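Notes follow once the structure below has been shown.
2 protein chains.
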Amino acid sequence: MSTDTPTDQACINLRWSLTLLDGLIRGGMRDLVLSPGSRSTPMVLAATREPDLNLTVVVDERSAGFFALGLARATRRPVGLLCTSGSAPAHWLPAVIEASEWGVPLILLSADRPPELHGWGANQTIEQADLFAGFVRERHDPGPAVAVPAALKALRALGARVAAVAKGRRPGPVHINLPLREPLVPGPDCTATPATGEAPLPPLPKMDAGDPPIPQDLPGLLTGRGLICCGPGEHGQPIAEALHRCTAALALPVLVDPLSGLRFGPGPEPRIARYDSLLRNPATAAGLRPDWVIRLGRAPVSKTLNEWLTGVPSILIDPAERWCDPTHDARLQIGARPERFLAWLAESGLVVAAPDWLARWQAAEQRIAALAEAHLDAAPWGEAHLIRTLVAELPVGDALLCANSLPIRQLDTWSGTRATPLTVFSNRGASGIDGQASTLAGLNAAGVPTWGLLGDLSLCHDLSGLLLGRHFARPLLVINNGGGRIFDYLPQRALPELATYWRTPLPLDLGELAHTFGLPYRRVEDDAGLRQVLAAARSGDDRSLVEVRIDAACSQASQEAFWRRIAAPASP
Amino acid sequence: MSTDTPTDQACINLRWSLTLLDGLIRGGMRDLVLSPGSRSTPMVLAATREPDLNLTVVVDERSAGFFALGLARATRRPVGLLCTSGSAPAHWLPAVIEASEWGVPLILLSADRPPELHGWGANQTIEQADLFAGFVRERHDPGPAVAVPAALKALRALGARVAAVAKGRRPGPVHINLPLREPLVPGPDCTATPATGEAPLPPLPKMDAGDPPIPQDLPGLLTGRGLICCGPGEHGQPIAEALHRCTAALALPVLVDPLSGLRFGPGPEPRIARYDSLLRNPATAAGLRPDWVIRLGRAPVSKTLNEWLTGVPSILIDPAERWCDPTHDARLQIGARPERFLAWLAESGLVVAAPDWLARWQAAEQRIAALAEAHLDAAPWGEAHLIRTLVAELPVGDALLCANSLPIRQLDTWSGTRATPLTVFSNRGASGIDGQASTLAGLNAAGVPTWGLLGDLSLCHDLSGLLLGRHFARPLLVINNGGGRIFDYLPQRALPELATYWRTPLPLDLGELAHTFGLPYRRVEDDAGLRQVLAAARSGDDRSLVEVRIDAACSQASQEAFWRRIAAPASP
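So the sequence lines, in the order shown, correspond to chains L and S. Take the first sequence: its position 196, counted from the start at 1, is 196 in the UniProt record's numbering, and no numbers get skipped. Take the second sequence: its position 192, counted from the start at 1, is 192 in the UniProt record's numbering, and no numbers get skipped.
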């Protein structure tokens, strides 16, 4: 431990904070998103002294939470959040829930008042230690800052440990509550450094996520025709390659969700992306029904697919050992890394290849793709065209953040696949309409140039995210179709109260909104306009708010005409 | 129970919802604030069928939470919140924390997916039942809707019970999590009514908060000179009258916090409101120090007062039996209603009146009032003048919502008292800068015409509250002084990073912001401008956003000059 031990509390607070940050940084944290406040002062001062830490100030803690979520998703590193005591950390909760469900490493650092003020009606003092309940992987309260060497050693280890846990086998948020005693601002004579000692640094905790063995009772489950269903998840290139080898060897159809990371760019070939449409033909749906399914990731976006797969025995492959099985058809959950399991499966001899089975899937996919092209060529411009053009034209290297509710379903239906990579982000853990603009800012701030695709209500849910518009590097496309149009596709559509209590259109002029927040504004009403936006964004950073005007009724009529055409007995 | 029992789930869901609402309405709930979503559909449909229920739609659940908080504070009735499943109810948490700390009756109704979808990775499904942890008085999960008569009877009773608990001895939020099975939209043949039966209505639970006896060990604590300190709390007219009788009979000084409800309008006379200033003179502070203090409500806003009272034995009077005693000087906590305790005290003979003691307090108060007047007459226009004019000129019947951080401290310092009533609201439970515009909308929507007084950062923390601007009936005054100026009064002021990490001014043009949200805009830079705003608002509803430009450095210099003058040995 450091030889010069400070004796005044402000300096002890600063060294305490430096020591915790040292552990966190060694654990891989590089970004800290902070919201202003008084009680967090020692941590802020410590953070400004850490050259390895990138600091961003966001006034609204809710927006800060989603910004950090975007940073963490883009960088795949743990990202810290810091705020003052009281209701401030409570604003993180929606982002923490999303991070917990999707598995995003957030380090929640909430400043707190010391124990002697808790439970006595002190100002801005609430019970923070359990604020995130089951949505954090670990929660810690190391107590107020002290100069005790063992406590400092523990704190530094804690920093490295929570960073390791946050990105471990079951990634997600962790919480350290930090009670701090006044005074908070040290004098100029405080020369605190992290308490790392003069001897060689003590070792810090790391994690080694091994791989469990593949169970022996698999063979009986793999008889007959099977398929692989890749749901939302961050399935990277090793999994894509393993899938390709697997489908090539075993002729297994691979269904790829738009959020699987496997629909765009090099991946398993052939792959099936049009299932939400092709399964709307009853004969096709019946003829292609499998005897078993291997599932990766979360439940797919497509309700049609989820319902169709209900009752099909499934095998879950998930290194986080989650039970993503809302229809309760899993017969087996395997905690192996998917690439390892798939490589083993391809060689195992357990699956008998049925080339005709795969060919039928391919044929159905191609029929739907052709039908969709023909339909869109004839139909009035709408969301489907928007998505087709975006998927075709977004430059390699650009990413897309697609909001929940209607946009992600329309992306699912209309995207098809593409040969070049395209990363699609979505907050699909809890599937809220919240935090979209802030998440988009975080993704862009991390250096991943990302387009936004949101509905008008999503935008309004996160207005303070527009205060982070300076981080945008690509346009934010806002589909203005007069409120929550997903309800036009649900049973609520028949209700006389539809507009008042479900669609709830908002009276904002998006041009004025963009201007107020200092964002360039564009309006798009057709494919030519969209292509102009795409061309403009190619020449460099572009943080326009682009209002995409859609005639919702017309778009819905076109969508439903397409589905009717598919569903007709004669058709595909 | 109703004779025609529906058998389809959608109709069962609707009757279930109608029955719960029936209980809640009989328990006193009249307002329901709902955010759009699918899972909550049966509750929304039920609510639209309840003529006694006033419905407001707010897209952002966080804003909805604070809007409901404002409604509940203004109406003093339980107010319901309804939203869909997933991260939606998590956005309520900041308002729930404030409601818990201040004691505001909110009824949290979170729609949820049924148990069979929990823990299996189903979309938009998280663990909601414990979302509000210790911040709710009760939490319930009555399970999915069924047609079982005993379950319906229990549900109706639960509605009335939670409404009673929410406004009971320890008022605050309550949570009912409502899992609902699909289908959610009933057909036209569903003629559900609340399951109240055809026989006379079964009795519903009520609460009778008795009054505990006054303890016998009080006499030893009341020797020497005492005072009564009224902190923040909703102390109504009976308490004001009891205080007046008490101070008249016993010559006890009564210190009234700006949020005590006792500073403005008929109340105890004399009353002391200038303590934050007068205690800054060391000789005065020493000479007026009491031997004991009776405390009502929460800890006062004034840090000067709190520090000065540290070490003085205190007696807490709180019917909610809270320990509002951050300095740990309480010798006794009495759970009696203050008016009853004070009436008893005035008659008890325990306190020996010392008229000279009260006269010294009165003299000090009058000296400071005169000094303040003289100082303000000579000083450049700033927050102090704004507050002086507002307190003098706000019409009887109008109320004021004062934000935390700097505004409430400045109101405390400069308001003085006034003879006519003025209700001052503030979210002083957790003292956050959050939710101010939404709370203001809720107060106004409840029929209490309320002015807002916020800082620029508070406004930016709750931008979506501006979407509720149609509810405003009085101007929203936004003090634009370039960010969080409270830090200019705290030790952080000396830090080179002050502007970047604490003040954090935002680049919004408030005129453009007002225009975007459809609010009239005015700009005020002096007393004449403020008086024009006051005059305009007298002629009827006025929902202007008024930007009050303050030169923060000048204002601070004036404030500190005043404090120096008071502190000088010769002065008061």
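Built from N, CA and C at the ideal position, the CB exists for glycine as well. Just so you know, these numbers come straight off a predicted model, no measurement behind them.
Through-space distance from residue j to residue i, alpha-carbon basis
| i | j | result |
| --- | --- | --- |
| residue 514 of chain S | residue 438 of chain L | 22 Å |
| residue 118 of chain S | residue 489 of chain S | 50 Å |
| residue 525 of chain S | residue 508 of chain L | 29 Å |
| residue 441 of chain L | residue 551 of chain L | 28 Å |
| residue 459 of chain S | residue 146 of chain S | 45 Å |
| residue 191 of chain L | residue 275 of chain S | 39 Å |
| residue 200 of chain L | residue 318 of chain S | Note on residue 200 of chain L: pLDDT 48, under 50, position unreliable in the model; no value is reported. |
| residue 143 of chain S | residue 179 of chain S | 6 Å |
| residue 6 of chain L | residue 12 of chain L | 6 Å |
| residue 357 of chain S | residue 170 of chain S | 35 Å |
| residue 78 of chain S | residue 266 of chain S | 28 Å |
| residue 327 of chain L | residue 290 of chain L | 16 Å |
| residue 258 of chain S | residue 46 of chain L | 37 Å |
| residue 193 of chain S | residue 161 of chain S | 20 Å |
| residue 88 of chain L | residue 43 of chain L | 15 Å |
Residue burial classification, residue i (beta-carbon count within 10 angstroms, cutoff 16)
| i | result |
| --- | --- |
| residue 216 of chain L | exposed |
| residue 451 of chain S | buried |
| residue 373 of chain S | exposed |
| residue 396 of chain S | exposed |
| residue 553 of chain L | exposed |
| residue 465 of chain L | buried |
| residue 163 of chain L | buried |
| residue 287 of chain L | exposed |
Contacting residues, own chain, Cβ-Cβ under 8 Å from residue i (five flanking each side not counted)
| i | result |
| --- | --- |
| residue 558 of chain L | 375, 379, 380, 382 and 384 |
| residue 157 of chain S | 23, 202, 204 and 205 |
| residue 393 of chain L | 531 and 534 |
| residue 9 of chain L | 145, 181, 182 and 183 |
Residue interval of the alpha helix (DSSP H) (run including residue i)
| i | result |
| --- | --- |
| residue 162 of chain L | 149-166 |
| residue 413 of chain L | 406-414 |
| residue 282 of chain S | 282-287 |
| residue 110 of chain L | No alpha helix (DSSP H) contains residue 110 of chain L, which is instead part of the beta strand (DSSP E) from 106-112. |
| residue 247 of chain L | 237-250 |
| residue 554 of chain S | 552-567 |
Own chain partners of residue i with C-beta closer than 6 Å, once the 5 adjacent residues on each side are dropped
| i | result |
| --- | --- |
| residue 365 of chain L | 272 and 274 |
| residue 124 of chain L | 85 and 86 |
| residue 471 of chain L | 441, 444 and 445 |
Residue i, enclosing beta strand (DSSP E) - first and last residue
| i | result |
| --- | --- |
| residue 455 of chain L | 450-455 |
| residue 587 of chain S | Residue numbering for chain S in the displayed model covers 1 to 572; residue 587 of chain S lies beyond these limits and cannot be assessed. |
| residue 314 of chain L | 314-317 |
| residue 479 of chain L | 476-480 |
Same chain, Cβ closer than 7 Å to residue i, neighbours up to 5 away in sequence not counted
| i | result |
| --- | --- |
| residue 574 of chain S | The question about residue 574 of chain S has no answer here: the residues shown for chain S are numbered 1 through 572. |
| residue 337 of chain L | 211 and 319 |
| residue 536 of chain S | 542 |
| residue 572 of chain L | Legend: pLDDT at residue 572 of chain L = 47, less than 50; position of this residue unreliable, value from coordinates given subsequently. The residues are 278, 281, 284, 364, 367, 368, 371 and 566. |
| residue 600 of chain S | Lying before the first or after the last residue shown, residue 600 of chain S is absent from chain S, which here runs from 1 to 572. |
| residue 221 of chain L | 292, 313, 315, 331 and 332 |
| residue 234 of chain L | 261 |
Proximal residues, the region 298-329 of chain L versus chain A, C-beta separation under 7 Å: Among the protein chains of the structure shown, namely L and S, there is no chain A.
If contact means a Cβ-Cβ distance below 9 Å, which residues of the region 95-112 of chain S contact chain L? Correct list: 95, 96, 97, 98, 100 and 101.
Members of the region 537-555 of chain L that neighbour chain S once the beta carbon cut-off is set at 8 Å: For the region 537-555 of chain L, which is checked against every Cβ of chain S, not one residue is closer than 8 Å.
What residues in the region 45-68 of chain S have a beta carbon less than 7 Å from any beta carbon of chain L? Residues of the region 45-68 of chain S with a Cβ closer than 7 Å to any Cβ of chain L, in chain order: 48, 57, 59, 60 and 62.
Chain-ordered residues of the region 114-128 of chain S with a beta carbon less than 9 Å from chain L: The region 114-128 of chain S vs chain L, Cβ under 9 Å: 116, 117, 119, 120, 121, 122, 123, 124, 125, 126 and 127.
Check distances from the C-beta atoms of the region 500-512 of chain L to those of chain S and list, in chain order, the residues that come in under 8 Å. Listed by position, the residues of the region 500-512 of chain L near chain S (Cβ gap below 8 Å) are 500, 501, 502, 503, 504, 506, 507, 508, 509 and 512.
Listed in chain order, which residues of the region 422-437 of chain S have Cβ atoms closer than 9 Å to some Cβ of chain L? Residues of the region 422-437 of chain S that bring their beta carbon within less than 9 Å of a beta carbon in chain L comprise 427, 428, 429, 430, 431, 432, 433, 434 and 435, in sequence order.
Give the residues from the region 133-158 of chain S that approach chain L closer than 7 Å (Cβ to any Cβ), ordered along the chain. Those residues of the region 133-158 of chain S placed with their C-beta closer than 7 Å to a C-beta in chain L are 133 and 134, ordered along the chain.
Counting only Cβ-Cβ distances shorter than 7 Å, please list the residues of the region 73-88 of chain S near chain L, keeping chain order. Only those residues of the region 73-88 of chain S whose C-beta falls short of 7 Å from the nearest C-beta of chain L are listed: 86, 87 and 88.
Against chain L, which members of the region 451-474 of chain S pass a CB distance test of less than 7 Å? From the region 451-474 of chain S, only 457, 460, 461, 463, 464 and 467 have a Cβ closer than 7 Å to chain L.
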